[in-house]
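Sequential numbering from 1 applies to the sequence shown in full-length UniProt numbering.
C-beta atoms are modelled at their ideal positions from N, C-alpha and C, and glycine is treated no differently.
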Amino acid sequence: MAAAAAEGLAAYRAVLRAARRTFAGDKLMLTESAVEIRRRFEEHRGLSPGSDEATRALSDAREAAHFITHMIVQTQRGPSGSFVVKPEKVHAGATLEVPTEEILSKLK
Numbered sequence: 001m002a003a004a005a006a007e008g009l010a011a012y013r014a015v016l017r018a019a020r021r022t023f024a025g026d027k028l029m030l031t032e033s034a035v036e037i038r039r040r041f042e043e044h045r046g047l048s049p050g051s052d053e054a055t056r057a058l059s060d061a062r063e064a065a066h067f068i069t070h071m072i073v074q075t076q077r078g079p080s081g082s083f084v085v086k087p088e089k090v091h092a093g094a095t096l097e098v099p100t101e102e103i104l105s106k107l108k
């Protein structure tokens, strides 16, 4: 049981670390992502160690940490008013996907 708790804690820390690195300098995103990460882990607190659901939750957490680290890039407004994307080495090989108007309208 201690091993399962340690694995859960390691996954929690990995997701928090990924969010802190990705959203560095963006106070709102740092705060909101930490709240959401905590909420998600609290939802799964009572899972039986080693159960299929617990295994799936840990896998999802690891995938989330990877996704946040490798697939999200913060933009910053440049001097001209346009947004500047500064991908890092971890983003090498990733494809930049700009949402279409159709996708954006579905989010509203």
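(request) Tell me whether Phe-83 sits in a helix, a strand or coil according to DSSP, three-state version. (result) Looking at Phe-83 - three-state DSSP - the assignment turns out to be strand.
(message) In whole angstroms, give me the CA-to-CA distance for Leu-28 and Val-35.
(response) Distance between the alpha carbons of Leu-28 and Val-35 is about 11 Å.
(request) Could you name each continuous alpha helix (DSSP H) segment of 4 residues or more that falls completely within the UniProt domain "Complex 1 LYR protein" (8 to 64), going from the start of the chain to the end? (result) You should have 27 to 43.
(request) For my contact list, Val-84 and Val-73 are in at a C-beta cut-off of 8 Å; report their separation, rounded to the angstrom. (result) In fact, because the Cβ distance is near 10 Å, the residues do not count as touching under 8 Å.
(request) Indicate the three-state DSSP secondary structure (helix, strand or coil) for Thr-69 in the structure shown. (result) Three-state DSSP puts Thr-69 in a helix.
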